[in-house]
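Have a look at the structure below, then the notes.
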Amino acid sequence: MPALASLGERVRRVPLVLFVLLYTVVTGGPLLWVATMSLRTTAEIFKDPYGLPSPAHWEKFADAWFKSNYHTYFWNSAIVVVCAVALVTVIGAMAAHCLARYGFRGSRLVRFLILSGLILPPQLLILALFQILLDIDLYNTLTGLVIVYVATHIAVTVYILEGFFAQIPQDLFDAARMDGYSDFEIFWRVTVPIGAPALFTAVTLNFIVMWNEFLFAVVLLTDDDKRTLPLGIMHFTGSHQLDVGMAATGLMIAIVPIIVLYAFFSETMIKGMTAGAVR
Amino acid sequence: MAVITVERLCKRYAGAAVPAVDEVSFTVADREFMVLLGPSGCGKSTVLRMIAGLEPVTSGTVSIDGRVVNSVPAKSRDIAMVFQSYALYPHMTVYDNLAFGLRRRDVEPAEIARRVHAAAGKLGLSEFLKRKPHALSGGQRQRVALGRAIVRDPRVFLFDEPLSNLDAALRVTTRNELIKQQQEIGTTSIYVTHDQVEAMTMGHRICIMNGGKVVQIGGPLEVYRNPADTFVARFLGNPPMNLLPARIAATDGRLAAQFAGVVVALPARALPSLASYSGREVTIGIRPEDLYESLPLREPGRFARLPARVVAVEPLGAETLLMLSLDASGDELVARIGRDTALKSGERLELALDTDALHLFDPVTTKAIV
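Quick note, the sequences are listed as chains A and B, same order.
Residue numbering for the first sequence follows the numbering used here, starting at 114 and increasing by one per position.
Residue numbering for the second sequence follows the numbering used here, starting at -8 and increasing by one per position.
Dropping the structure here:
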């Protein structure tokens, strides 16, 4: 009796569907709420925090972008994150390739040193980094922040990539050597294309974490025209003013790149994460 | 065109008590097909990888055409290798897999296309050139791996158990294809396998290895007929050679072997070297096919009779295997006899043994007495 069977199947699915619904409400609810607030003025929000945006103040986005300096924050964030992600991916991939492929003397020590970065709390580094960046004239510069981001994310990048790269069969590398390719060419033409899912995973994760990074940015940047997006949003909820509506608009602008990233790479990313997990 | 000489080649891995490869020496002549045969872990693949340049040499030399290549990197040795896992690049099409090695060598694109299409045509891969490896069957992948070696037109081919991932039927057809290719192309080849049938059917010569050492080198029938020691005797042949303890003694002024309650005259060719074994123990080797159910009509004097009991009968269709227990000693024997036998388990018979085909080994050194 297929009808009955499918009914039983549906009944069994009820708890799962309920859980998914609940999860969607818990995660999607705040997002929707901030989205409605981004189209309302602060006065409207204070009068009725849960009200719908009528009329919808779309002009707030233009105001935030131009008048509240969000375009500066956005571009600062974009420059820092794109540069840092590019650097950390290139350096991390090369390191992961070497650790996964060559059993050189001291490789275990190098792996330990790199991966120990995973367990270091960032708060522990912040004063030392502040002092070092001051000494080398990179305090309050985007370059300094890029270097800090690369250094603090190399551990997780190597961790993700090495697990994946180590699974690529050694025979492929031997075959490429027999085909006449040098070590770097093998990295570039074999490891990188085959490891693409893991690379996408590393790029996406690092992008999201860095895009939202606050602690290092707030300590290492002071000028308003150097601020990244998380700092810019804080600016509206600081001790001197509380512009909730503008902060909400800023938040919506800030999450656009993340949503785009997820929309395009979520599938590849999941593939990369599960592939690495099998190790 | 290449002659490969391996001289006193050793490989010792850090922390290992015994070397993986121990003083291996052999020469592969130009256009020769040499098979390295041995059980798992005997060092045959390590020898191959050292010739390829994928594994550093601990001591000894690898030479191609008289030139020592120990320090020449793999990419400059002009050697192509077919791997057990095929090692096809999963992100490239069949065409790109075939062309990959040529592109590195700065071959003109038109020439690359010509060679790739020629190799693909020869191997029946023309219609798969745009596919990726995951969309191919095991046999097709194997042919791509072979094609990748062929298009390079290298001085030497190395094969590392290329057929062991194929199912039994495909293995036979691919084996025949490989033999045909080798006859056409004629490039010097070294082929590693643990499969004695591959070794016997493909190799011009077989180099049998055990425990990192070369045990015997020779033509397929030569090593089968004259095994250098009990290892080769048991390793080649299926079912393996029967080995029994025996004693050499002089009867009527002539040396004979006593075992299982019978006295067996020894082949005349073995007598000179057996003189020093008089009164001592030896190991006698009997191939299963040298045992007969009944006395053959020709030269009955050559045959000895062994009373035995049938333990099990294994009819294989074309032939029948008998598991036997010798009456006098209880030693177990395997005999390969005709398919028409009516023998049943538990029955007794007088086996006929071809004494001309006896093999004799020193029980201490395990070496053949010849």
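All residues carry an ideal CB built from backbone N, CA and C; glycine is no exception.
query: Considering only the beta carbon of each residue, do B:R225 and B:G210 sit closer than 8 Å?; result: no
query: So which of B:I42, B:D56 and B:G57 has the shortest CA-CA distance to B:V50?; result: Checking the sequence shown, residue 50 of chain B turns out to be Ser, not Val. Checking every option, the nearest Cα to that of B:S50 belongs to B:I42.
query: Extract the residue ranges of the beta strand (DSSP E) inside the segment 313 to 358 of chain B, only unbroken runs of 3 or more that lie entirely within it.; result: 323 to 328, 339 to 345 and 350 to 352
query: For A:I372, count neighbouring Cβ atoms within 10 angstroms of its own Cβ and tell me buried if that reaches 16, exposed if not.; result: exposed
query: Could you tell me whether the segment 175 to 195 of chain B touches the segment 17 to 30 of chain B, where touching means 3 or more Cβ pairs closer than 8 Å?; result: yes
query: Quick check on A:Y183: buried or exposed, where buried means 16 or more other Cβ atoms within 10 Å of its Cβ?; result: buried
query: If you follow the alpha helix (DSSP H) that B:L89 is in, where does it begin and where does it stop?; result: V85 to R95
query: What first and last residue would you give for the alpha helix (DSSP H) that runs through B:I141?; result: G129 to V142
query: Could you give the distance in angstroms between the alpha-carbon of A:M114 and the alpha-carbon of A:V130?; result: Low local confidence applies: a pLDDT of 46 at A:M114 is under 50, so the model's placement there is unreliable, and no value is given.
query: Could you have a look at B:S31 and say whether DSSP puts it in helix, strand or coil?; result: coil
query: Work out the CA separation of B:E305 and B:S285 for me, nearest whole Å.; result: 18 Å
query: So that I know if they touch, is there some Cβ in chain A lying closer than 8 Å to that of B:F148?; result: no
query: So, helix, strand or coil for B:S232, using DSSP?; result: Note on identity: in this sequence residue 232 of chain B is Met, with Ser being the wrong assignment. Correct three-state label for B:M232: coil.
query: Identify every residue that forms a DSSP beta bridge with B:P306.; result: B:T311
query: Mapping the DSSP letters down to three states, classify A:T341 as helix, strand or coil.; result: coil
query: Quick one: which chain B residues come within Cβ less than 9 Å of A:Y294?; result: K66, F91, G92 and R95
query: Can the beta-carbon of B:R278 be found closer than 8 Å to that of B:G244?; result: no
query: Report yes if the C-beta distance between A:V193 and A:V259 is below 8 Å; otherwise report no.; result: yes
query: Output needed for A:A165: all residues of its chain with C-beta closer than 7 Å, excluding positions within five of it in sequence on either side, in chain order.; result: It should be noted that the sequence gives Leu, not Ala, for residue 165 of chain A. Around A:L165: T149.
query: In the DSSP assignment, what residue or residues form a beta bridge with B:K66?; result: DSSP, once it has assigned bridges, lists no residue as partnering B:K66.
query: Give a single yes or no on whether B:R40 has its beta carbon closer than 7 Å to a heavy atom of the ligand GDP.; result: In the structure shown, the ligand GDP is absent, as is every other ligand, since no ligand is present at all.
query: Use the C-beta contact count for B:M(-8): other C-beta atoms within 10 angstroms, 16 or more gives buried, fewer gives exposed.; result: exposed
query: What is the DSSP secondary structure of B:A20, reduced to helix, strand or coil?; result: coil
query: Apart from the five residues on each side of it in sequence, which residues of its chain come closer than 8 Å, Cβ to Cβ, to B:T18?; result: V(-6), I(-5), T(-4) and V(-3)
query: How would you label A:L136, buried or exposed, when you count the other beta carbons within 10 angstroms and need 16 or more for buried?; result: First, the amino acid is wrong: residue 136 of chain A is Tyr here, not Leu. The residue in question, A:Y136, is exposed, as its Cβ has fewer than 16 Cβ neighbours within 10 Å.
query: Using the Cα positions of B:D318 and B:V48, report the straight-line distance between them to the nearest angstrom.; result: 53 Å
query: Use the C-beta contact count for A:V133: other C-beta atoms within 10 angstroms, 16 or more gives buried, fewer gives exposed.; result: exposed
query: Please classify B:D13 as buried or exposed, where buried requires at least 16 other C-beta atoms within 10 Å of its C-beta.; result: buried
query: Taking only beta-carbon atoms, is A:R221 less than 8 Å away from chain B?; result: no
query: When you compare the CB of B:L45 with every CB in chain A, is at least one pair closer than 8 Å?; result: yes
query: Could you tell me which residues DSSP puts in a beta bridge with B:E272?; result: B:R238
query: Exposed or buried, what is B:K335 when buried is set at 16 or more other beta-carbons lying within 10 Å of its beta-carbon?; result: exposed
query: How far does the beta strand (DSSP E) with B:D151 in it extend, from its first residue to its last?; result: V147 to D151
query: Give the secondary structure of B:M(-8) by DSSP, where H, G and I count as helix, E and B as strand, and everything else as coil.; result: coil
query: Short check: CB of B:T221 to CB of B:L235, under 8 Å?; result: no
query: So, A:V261 versus A:L333, is the Cβ gap smaller than 8 Å?; result: yes
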